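Input: a single structure, listed below in structure tokens.
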Amino acid sequence: MTETAVVAAECLAGGRARAARSVLGQVVLPGEELLLPEQEDAEGPGSAGERPLSLNAGVRSRVRVVCGPGLRRCGDRLLVTKCGRLRHKEPSGGGGGGVYWVDSQQKRYVPVKGDHVIGIVTAKSGDIFKVDVGGSEPASLSYLAFEGATKRNRPNVQVGDLIYGQFVVANKDMEPEMVCIDSCGRANGMGVIGQDGLLFKVTLGLIRKLLAPNCEILQELGKLYPLEIVFGMNGRIWVKAKTIQQTLILANVLEACEHMTSDQRKQIFSRLAES
Amino acid sequence: MKETPLSNCERRFLLRAIEEKKRLDGRQTYDYRSIKISFGTDYGCCIVELGKTRVLGQVSCELVSPKLNRATEGILFFNLELSQMAAPAFEPGRQSDLLVKLNRLLERCLRNSKCIDTESLCVVAGEKVWQIRVDLHLLNHDGNIIDAASIAAIVALCHFRRPDVSVQGDEVTLYTPEERAPVPLSIHHMPICVSFAFFQQGTFLLVDPSEREERVMDGLLVIAMNKHREICTLQSSGGIMLLNEQVLRCSKIAGVKVAEITELIQKALENDEKVRKEGGKFGFAESIANHRITAFRMEKAPVDTSDVEEKAEEIIAEAAPPPEVVSNPVLWTPGTAQIGEGIENSWGDLEDSEKEEEGGGSDEAIVLDSVRVATDVDVPSAGSRDAPIVLSDSEEEDMIILEPGKSPRKVRTQTISAKQEKAPSKKPVKKRKKKRPAN
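Chains A and B, in that order, are what the protein sequence lines are.
So for the first sequence, the working numbering puts the first residue at 1080; every next one is plus one.
So for the second sequence, the working numbering puts the first residue at 9; every next one is plus one.
Now the structure itself:
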């Protein structure tokens, strides 16, 4: 990692933007500019002086590229705003240029629209609940945003309860709003989380790792004990197993997964499975 | 920023865990977290880490005129600050209550116990005395600030060296550290605070509460003691009623803990002195390891898995082989499928074990006893799994699966009768008490 950081510094000092394709999987630092694939030719070896005249000067092929977290559009280029590894995903449905994003690590959550999070109800005022989601402001949750809730039939939510919901409004200018139903009106697993169990906090990167498809950690955990687990993208995990001891073991194992290599993890799981 | 509220489920879980003598980080009731003491390059500067709680202590001195009514004594000044980086709830001007309480406790512990000889700080009576100032900064809050702060204060004071002074007649000569080696303060004893958190109106107690445990505690008892078993300060907050034998027991525990901590402090001070004398490298850059974000290093969490072994062995000794976990759905009839453990119907099992009736016979009783050791809450549901279950809300007693072309068969009674036949012979003990159709 130090080598790539040195390389990055050299490039920045040189003032040239690098091609995004060449930096995939490497560490990028905030302030770097990245070129999208179709712009590489324009900035290629001809940039010194002569540029080949193109006959269709006015038409440039436009490819729609999605800027993910950690990147921002800056003119025609991508500007890196967080340090981490650059990732790219090819477009699934054809057309478009795929998604670029930066895999960064942090503990503090910033609400993002569409994220599923675990919140703690802090206040009930009139028609809405105030839910703490770990961001700068508490999110508001209307009491009608639960499955099967009507004006007469209010959901049974108390102050201090855990809620699993998703954001419908989340930007830096407004207070975030969340709901516990999806667009069809079904709960789909959202709502009030049950009474027992343990809530603890981990880094955001670990949550994304655990929620990735085919996560080994989850499969191994499932083989250990029967458990219920809810992951919130704000770094909160709620876990419940049959006994307190098992719940504590699960919580400690998940917190430690951040720092363990996969070999160490396999060792721990095999040791727990034996006992 | 406001403090993250404590949810009901966390509070309930913590209290239940404490009742079972389990702590979140796997410690025992009387265990302290690991204490790490590291020194800076200057004399009198140290960082104490009690688990994740970190306090930085710095001692400095100045020549001033003494107080009018204490002309021959030096002046001591203690100051604890809760830095904003310690916890999101600490904002300038926001944490006054806690701050005042901690500062008062620290002053009583260190000043009133006369651990430092103030007479030795006098240079010229009535004119010049040393003012010793101890500044403590809380860098990270993970519970039990007062213990960490008192250790940091006393370590910094023991580590500190003041400039040497000589008085000849009317002349006072202050030597710089290069001219004459600085002189340590004269410290009689080392008072250290030990905190006890009480839960459930004084029934359960924990030593060295972490931040979450502090949130759910009923009251706190702080005993400041030195290694000669002299109590320097005693403070009980939270308004709980404590019996005198509880307080006596706490003081005995405090005596043991203070002895251990004092030994740790002495060792750390000796180590640092040795390193300085030998000319080795000292200071924070050497003693505090660099934490890299990508390093696969973590302190060992003492998670206790021994209980799980005992419990598992008991149960395995008497258990039938567990039913296989079927990962592909088993289709009973178009529209009804089952997946998961056992393929036994568990729709009658309710969350609340109180709602279920226990219909177990004598064979169930043996089963229940062995399992009762392990789980407190879930025992009734074990017994009733094999017995007719009465659903309080539902009007139907049995679940009927309608199959096209066949007469409706009652699935539940079948399984129940099948199990009751099995029960006397096999004594099935299944470890899982709550079963859900899809795990």
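All C-beta atoms in this analysis are idealised placements derived from N, C-alpha and C, irrespective of residue type, glycine included.
The structure presented is a predicted model; accordingly, all values stated were derived computationally and were not measured.
DSSP three-state assignment for Glu268 (chain B), whether helix, strand or coil: helix
Within-8 Å CB hit, Asn1293 (chain A) to chain B: no
Proximity test, Cβ basis, 8 Å: Gln1298 (chain A) and chain B: no
Interface residues of the stretch 1235-1254 of chain A facing chain B [CB-CB below 9 Å]: Gln1237, Val1238, Gly1239, Asp1240 and Leu1241
Min CB distance Asp1194 (chain A) to chain B below 8 Å: no
In DSSP terms, what Cys130 (chain B) is bridged to: B:Val137
Ile424 (chain B) versus Met1269 (chain A): straight-line alpha-carbon distance, rounded: For Ile424 (chain B), the predicted model reports a pLDDT of 41, less than 50, meaning its position is unreliable; a value from the coordinates is still stated below. Whole-angstrom Cα-Cα distance: 34 Å.
Near-chain A residues of the stretch 15-29 of chain B (beta-carbon distance less than 8 Å), N- to C-terminal order: Ser15, Asn16, Cys17, Glu18, Arg19, Arg20, Phe21, Arg24, Ala25 and Glu28
Neighbouring residues, chain A, relative to Pro171 (chain B) (Cβ below 8 Å): Correct list: empty, because the minimum Cβ distance to chain A is about 43 Å.
Pick from B:Pro171, B:Asp143 and B:Phe21 that is closest to Ser158 (chain B), judged by C-alpha positions: B:Asp143
The stretch 1252-1275 of chain A: positions lying closer than 8 Å to chain B by Cβ: Ile1272, Gly1273, Gln1274 and Asp1275
Beta-carbon gap between Ile1316 (chain A) and Val1271 (chain A) smaller than 8 Å: no
For Leu1099 (chain A), three-class secondary structure by DSSP: Contrary to the premise, residue 1099 (chain A) reads as Ala rather than Leu in this sequence. Helix.
Proximal residues of chain B, C-beta to C-beta of Ile1323 (chain A) below 7 Å: Arg24, Ala25, Glu28 and Lys30
Contact with chain A by Val381 (chain B), beta-carbon distance below 8 Å: At Val381 (chain B) the pLDDT is 40, less than 50, meaning the model places this residue with poor confidence; the figure from the coordinates comes in the next sentence. No, its Cβ sits nowhere closer than 8 Å to a Cβ of chain A.
Within-8 Å CB hit, Pro13 (chain B) to chain A: yes
Identity of the residue in B:Arg24, B:Leu32, B:Leu14 and B:Ile55 nearest Asn1331 (chain A) by Cα: B:Leu32
Neighbour-count burial assignment, Gly1256 (chain A), 16 or more Cβ in a 10 Å radius: Here residue 1256 (chain A) is Glu; the residue named in the question, Gly, does not match the sequence. Looking at its Cβ environment, which holds 16 or more other Cβ atoms inside 10 Å, Glu1256 (chain A) is buried.
Classification of Gly476 (chain B) by the beta-carbon crowding that lies within 10 angstroms, buried from 16 upward: Nothing can be reported for residue 476 (chain B): it is not among the residues displayed for chain B, which extend from 9 to 447.
Residue environment, Thr37 (chain B), which counts as buried when at least 16 other CB atoms sit within 10 Å: exposed
Neighbour flag for Gly34 (chain B) against chain A, beta carbons, 8 Å: yes
Which listed residue (A:Ala1291, A:Ile1296 and A:Thr1326) has its alpha carbon closest to that of Glu1307 (chain A): A:Thr1326
Helix, strand or coil at Leu376 (chain B) [DSSP, three-state]: Model confidence at Leu376 (chain B) stands at a pLDDT of 40, short of 50, so the residue's coordinates are unreliable and nothing is read from them.
Three-state secondary structure assigned by DSSP to Cys1153 (chain A): strand
Proximal residues to Cys1146 (chain A) (C-beta, below 7 Å), its chain only, five neighbours per side dropped: Arg1152, Leu1157 and Tyr1179
Where Arg220 (chain B) falls: helix, strand or coil (DSSP): helix
Any chain B beta carbon closer than 8 Å to Leu1165 (chain A): no
Distance between Val67 (chain B) and Asp50 (chain B) (C-alpha atoms, nearest Å): 10 Å
When A:Lys1186, A:Lys1345 and A:Glu1169 are compared against Gly1030 (chain A), the one with the closest alpha-carbon: With chain A covering only 1080 through 1354, there is no way to say anything about residue 1030 (chain A).
Buried/exposed call for Met233 (chain B), threshold 16 Cβ in 10 Å: buried
Expected contact under 8 Å - CB spacing of Gly1276 (chain A) and Cys1259 (chain A) to nearest Å: So it is not a contact: roughly 18 Å between Cβ atoms.
Endpoints, the alpha helix (DSSP H) within which Ala1330 (chain A) is located: Ile1323 to Cys1336
Enclosing beta strand (DSSP E) for Gln208 (chain B) [first to last residue]: Premise fails: Gln208 (chain B) is in no beta strand (DSSP E) and is neither H nor E.
Cβ neighbour criterion (16 or more within 10 Å) applied to Ala189 (chain B): exposed
Phe1348 (chain A) - containing alpha helix (DSSP H), residue span: Ser1341 to Glu1353
Gly343 (chain B) classed as buried or exposed, judged by whether at least 16 other C-beta atoms fall within 10 angstroms: exposed
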